[in-house]
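Residue numbers (UniProt numbering): 1 to 150. Working notes, beginning with the structure itself.
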C-alpha cells in the first residue's frame with residue numbers, strides 16, 4: 001500500500017518576547033500563528049475497521065494537536081525562563097495571565113521544534129510526523145521536516 005501524507009491546519013494567538021534581540025521583537029507582542037501538521041502513513045486496509053481507507057482520522061489528529069499545542073499556547077505569552085523576562089512573567093502570572101516558560105528563545109524556529117516533539121510523542125503506531133509549518137505572519141514561517149532531523 002502507498003504511503004499518503006495527511007495535513008491539518010490550526011490557528012492560535014500567542015504572545016512572546018525575544019530577550020536580547022536587537023529589533024522590535026524584543027518587546028512583548030503577539031502573532032496569529034498558523035500551524036500546518038503533516039503526517040505520513042498507509043491507509044487502513046482492514047474493511048472491518050471504521051476508519052478503513054484513512055491514514056489517520058482528521059479528528060484524531062486534531063485532538064492530539066489541540067491538546068498538545070493549541071489549548072496550551074492559544075492566548076498565552078511565552079517567555080524564555082532563563083532571561084530577566086522571568087520577572088515580567090511572574091507579574092503576569094500573579095495577575096491571572098496565562099504564561100508559558102520554556103527553556104529556549106521563543107522564536108518560530110524553536111517553537112516548531114518543540115511542537116514536533118510534543119506531537120511525535122502522541123501519534124499512533126505506524127503514523128510518522130512528516131513536517132510542520134509554523135507561520136507567524138503572512139510572509140514569515142519556520143518549517144520542520146522529519147527527513148532533516150534523522
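Note that the Cβ used here is the ideal one computed from N, Cα and C, for glycine as well.
- An exposed status is given to residue 126, since fewer than 16 other beta-carbon atoms sit within 10 Å of its beta-carbon.
- Where residue 86 is concerned, the enclosing alpha helix (DSSP H) starts and stops at 85 to 94.
- Boundaries of the alpha helix (DSSP H) around residue 59: 58 to 65.
- Proximity of the segment 57 to 66 to the segment 99 to 113 falls short of the contact definition, fewer than three beta-carbon pairs being nearer than 8 angstroms.
- For residue 16 against residue 84, the beta-carbon gap comes to about 15 angstroms, at or over 8 angstroms, which does not count as contact.
- The criterion of a C-beta distance shorter than 8 angstroms is not satisfied by residue 26 and residue 35.
- Residues of the same chain with a CB within less than 6 angstroms of the CB of residue 77, apart from the 5 flanking positions on each side, are 15 and 99 in chain order.
- The three-state secondary structure of residue 69, taken from DSSP, is helix.
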